[in-house]
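**Q**
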Amino acid sequence: MDPAETFATLMSPEGRLDPYPAYERLRAHGPVVQTGPGVYAVTGYPEVDELLRDPRMRVSDDQWRDMMLPQWRDSPALSTIARSMLETNPPDHSRMRRLAAGAFTPRRIAAMRDVVAAQADELIEAMASAGRGGRPVDFMADFAYPLPVAVICALLGVPAADRPLFRRWAADLTGVLEPEITWDELVVADAGATELVGYFTELVAARRRRPADDLTTALVQAHDAGDRLTGDELLANLVVLLVAGFETTTNLLGNGLAVLLAHPAAADVLRRHPEHAPAYVDELLRYDSPVQLTSRTSSETLRAGGVELPAGSWVLLLLGAANRDPRRYPDPARFDPWRALLSPLSFGAGPHYCLGAGLARLEGQVAFTRLLHRLPALALSGTPRRRSRLTLRGYETLPVTVGELAPVADHGAPVGATPDTP
């Protein structure tokens, strides 16, 4: 199967559900391969890392969109994403990112650990109540979505009562992040974008009337102060901060729990030794990345992996494939939290490195340790259902049984937990 045929299988419904076989077939042709006229796919870890950091590689700009998608301005979904920091290049990207970065400093994230733990415990106790008598519960609906959406909504100042609105709207909008999208899928994405922009238009007006100590107020004030943020940029970045703030983490929690339950010995080590949570989360990010790809265009001719990328090339950087590059990670299909040099590319690299990566890691570390401790009999129940997405890889449903709830000691760790190493 040549690279173009292999790439077509990756874009198919089967490839979206399980991209890893297609990644390996692409990798057999080299770390960088041409898959069509002006289109290249990158599976190698060093090549993806290098290209993400190369200033000659740029996200899609208005000129590229005008050429490839002439009607993009008529699409609420495409135009919203285009005006956010997600799809802008320096200096505009740097200007917008700086305005939001203060909410995601390491110190502020560390200070949120107790809040995240309290929210996780509340959700775990609700799952235990709903799952009494062996009744299955959906981990995605009952934990993986509500935990990160509560955290990002608290940062943005979104009222708790509005949190249930966002799961469907965000799922609809993120269809435009796929490398291929049908007209019907774009119509759905536009509807989601319209709902989200309408919601934040009202929230912005509310924060002008009554400022609060939240990120929405800070961005509204930056806009109102002058030339640091346009009106379209304000709304677009609020939408993207909300959606990115929980979509990736929701997928990390769902993908990660499925892996841990499939590896009970490794899960038991984490249950007994929660201090190893950072390594576990990084390996979960590597093993089944919640974000599988991103794309760039080359502003000038360059070389990567021994292949020339002409100016104007569209380059798909397959993060999920790079995370399983055997040159970087021997026996990459094996789950192993004790790997050396764990540095997954799941959050990207370079100027567009995910602003909320530290927060997502914190949520994963807290969530997995508390889930395994407080629900020691947690197990899959029935058949999980994957979302038919490639860029954002996750589960639609993940049914589990929870068993009995273990108590929590005053210091926040379950009674009987030991901090020593294995």
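Per my numbering: the sequence shown = residues 1 to 422. Ideal placement from N, C-alpha and C gives every residue a C-beta, glycine not left out. Treat the numbers as computed from the prediction; the structure is a model and nothing was measured.
Which of helix, strand or coil does DSSP assign to MET57?
**A** Residue 57 sits at position 57 when you count from the first residue of the sequence shown. Looking at MET57 - three-state DSSP - the assignment turns out to be strand.
**Q** Considering Cα atoms alone, identify which of ALA258, LEU99, LEU398 and ALA311 is closest to HIS223.
**A** Your numbering for residue 223 matches position 223 in the sequence shown. It is LEU99.
**Q** Should SER12 be labelled buried (16 or more other beta-carbon atoms within 10 Å of its own) or exposed?
**A** Your numbering for residue 12 matches position 12 in the sequence shown. So SER12 counts as exposed.
**Q** Taking the alpha carbon of ALA360 as the reference point, which residue from GLU14, THR249 and GLN292 has its own alpha carbon closest?
**A** Locating residue 360 in the sequence shown gives position 360, where the first residue counts as 1. If we check each option's Cα against that of ALA360, THR249 comes out closest.
**Q** Give me whichever residues DSSP pairs with GLN34 in a beta bridge.
**A** Taking the sequence shown and counting its residues from 1, one reaches residue 34 at position 34. For GLN34, which the question treats as bridged, DSSP gives the partners TYR40.
**Q** Which of helix, strand or coil does DSSP assign to GLU404?
**A** Taking the sequence shown and counting its residues from 1, the one referred to as residue 404 is at position 404. Reduced to three states, the DSSP call for GLU404 is coil.
**Q** Give the list of continuous beta strand (DSSP E) stretches no shorter than 3 residues that lie fully inside the segment 113-163.
**A** none
**Q** Run the CB neighbour count on GLN292, radius 10 Å, all protein chains shown included, and call it buried at 16 or more, exposed below.
**A** The residue labelled residue 292 in the question sits at position 292 within the sequence shown. It is buried - the Cβ of GLN292 has at least 16 other Cβ atoms within 10 Å.
**Q** In whole angstroms, what is the alpha-carbon distance linking PRO414 and HIS373?
**A** As a working mapping, residue 414 is identified with position 414 in the sequence shown. As a working mapping, residue 373 is identified with position 373 in the sequence shown. Unreliable placement is indicated for PRO414, whose pLDDT of 41 sits below 50; the coordinate value is still reported in the next sentence. Approximately 6 Å between the Cα atoms of the pair.
**Q** Report the rounded CA-to-CA distance for LEU155 versus ASP214, giving the unit in angstroms.
**A** The count along the sequence shown starts at 1 and reaches residue 155 at position 155. The count along the sequence shown starts at 1 and reaches residue 214 at position 214. Spanning the two alpha carbons is a distance of roughly 6 Å.
**Q** Where SER75 and GLU404 are concerned, what is the direct C-alpha to C-alpha distance, given to the nearest angstrom?
**A** In the sequence shown, counting from the first residue as 1, residue 75 sits at position 75. In the sequence shown, counting from the first residue as 1, residue 404 sits at position 404. So the alpha carbons of these two residues sit roughly 49 Å apart.
**Q** Would DSSP call TYR45 helix, strand or coil?
**A** Along the sequence shown, read from residue 1 onward, the residue named residue 45 stands at position 45. Helix.
**Q** Touching or not, the segment 230-238 and the segment 193-204, by the rule of three or more beta carbon pairs under 8 Å?
**A** yes
**Q** Tell me, please, which residues DSSP counts as bridged to ALA304.
**A** To locate residue 304, count along the sequence shown from 1; it is residue 304. Paired residue(s): VAL307.
**Q** Here's the rule I'm using: 16 or more other beta-carbon atoms within 10 Å means buried, otherwise exposed. How should SER346 be labelled?
**A** Reading the sequence shown from its first residue, position 346 is the one you call residue 346. Buried.
**Q** Leaving out the 5 sequence neighbours to the left and right, which residues in its chain are closer than 8 Å to GLU178 when beta-carbon positions are compared?
**A** Here residue 178 refers to the residue found at position 178 when the sequence shown is read from its first residue. Result list for GLU178: GLU185, ARG389, LEU390 and THR391, in chain order.
**Q** Could you tell me whether the segment 11-27 touches the segment 294-302, using the rule of 3 or more Cβ pairs below 8 Å?
**A** no
**Q** Based on DSSP bridge pairs, tell me the residues matched to ARG399.
**A** Along the sequence shown, read from residue 1 onward, the residue named residue 399 stands at position 399. Here residue 399 is Pro; the residue named in the question, Arg, does not match the sequence. PRO399 pairs with ASP138.
**Q** Run through DSSP, which three-state label would LEU392 get?
**A** Numbered from its first residue, the sequence shown carries residue 392 at position 392. Strand.
**Q** I'd like the list of long-range same chain contacts for ARG73, defined as Cβ closer than 7 Å, with 5 residues on each side in sequence excluded.
**A** In the sequence shown, residue 73 corresponds to position 73, counting from 1. Same-chain partners within the cutoff: SER79.
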